[in-house]
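Counting with this note's numbering, you get residues 26 to 160 for the letters of the sequence shown. First comes the structure, then the notes that go with it.
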Amino acid sequence: MPEDILTKITEGKKVLFDDNNVIFAYLFGGLAEGKVTPLSDIDIAVFLKSSHNVVEYKLGLFDRLADSLGTSEIDLVILNTAPISLTGRILQKKQLIIDKDPPRRHVFESVSLRKFFDFKKKEDIYFLRRYGIGR
């Protein structure tokens, strides 16, 4: 990761803001939590207006972000298609960087977190029974 990544994040935010298909975006992971190491990547999650051709779109957005951030050490998650197990974990430790439609974001966060907490109860039971991990 470039040493000046915190200043480059502004350029990445501009790419996301200028993209009409991006409704809101988060940083998550080590960078969002202030735990940056030389091996850290940049974790970005985006919610799209249209999730048509997600794979092709994700590749194009990844390229634009890599150019603006000066690194390809990026983990890009499209929230529209991400599993609830990942979405919930992102939402718990996120840093909002773009928000073009706050009401839509609030609904997404509320519904996703409710689904995640229901899922998490079942996941905890599974891990306890299978591996003896948990309560």
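Glycine is no exception: its CB is placed at the ideal position from the N, C-alpha and C atoms. What you are looking at is a predicted structure, and each value in this text was computed from that prediction instead of being measured.
What is the DSSP secondary structure of residue i, counted as helix, strand or coil?
i: residue 34; result: helix
i: residue 150; result: helix
i: residue 138; result: helix
i: residue 116; result: helix
i: residue 64; result: coil
i: residue 43; result: helix
i: residue 143; result: helix
i: residue 50; result: strand
i: residue 123; result: strand
Relative to the C-alpha of residue i, which residue among the options is closest?
i: residue 56; options: 42, 39, 33 and 75; result: 33
i: residue 39; options: 90, 58, 75 and 77; result: 90
i: residue 74; options: 41, 108, 54 and 136; result: 41
i: residue 141; options: 111, 131 and 58; result: 111
i: residue 148; options: 109, 87 and 29; result: 109
i: residue 44; options: 100, 154 and 87; result: 87
i: residue 98; options: 62, 154, 119 and 104; result: 62
Suppose the cutoff is 6 Å on Cβ atoms and the five residues either side in sequence are ignored; what does the same chain contact list for residue i look like?
i: residue 102; result: 70
Residues in its own chain within less than 8 Å of residue i by CB, not counting five upstream and five downstream?
i: residue 145; result: 113
i: residue 58; result: 118
From the DSSP secondary-structure annotation, give me the bridge partner or partners of residue i.
i: residue 88; result: BP columns for residue 88 are empty, so no partner.
i: residue 101; result: 69
Just checking: is the beta-carbon of residue i within a distance shorter than 9 Å of some beta-carbon in chain C?
i: residue 80; result: Chain labels in this structure do not include chain C; a single protein chain is all it has.
Once the 5 residues before and after residue i are set aside, which same chain residues still bring their CB inside 7 Å of it?
i: residue 138; result: 113 and 116
i: residue 133; result: 72
i: residue 29; result: none
### Query
Between the stretch 113-127 and the stretch 77-94, are three or more C-beta pairs nearer than 8 Å?
Flag = no, the stretch 113-127 and the stretch 77-94 do not touch.
### Query
Does the stretch 45-58 come close enough to the stretch 119-131 that 3 or more CB-CB pairs lie under 8 Å?
Cβ pair count under 8 Å is three or more, so yes.
### Query
When the Cβ atoms of the stretch 58-67 are set against those of the stretch 92-109, are three or more pairs found closer than 8 Å?
When Cβ pairs closer than 8 Å are counted between the two stretches, the stretch 58-67 is seen to touch the stretch 92-109, the count reaching three or more.
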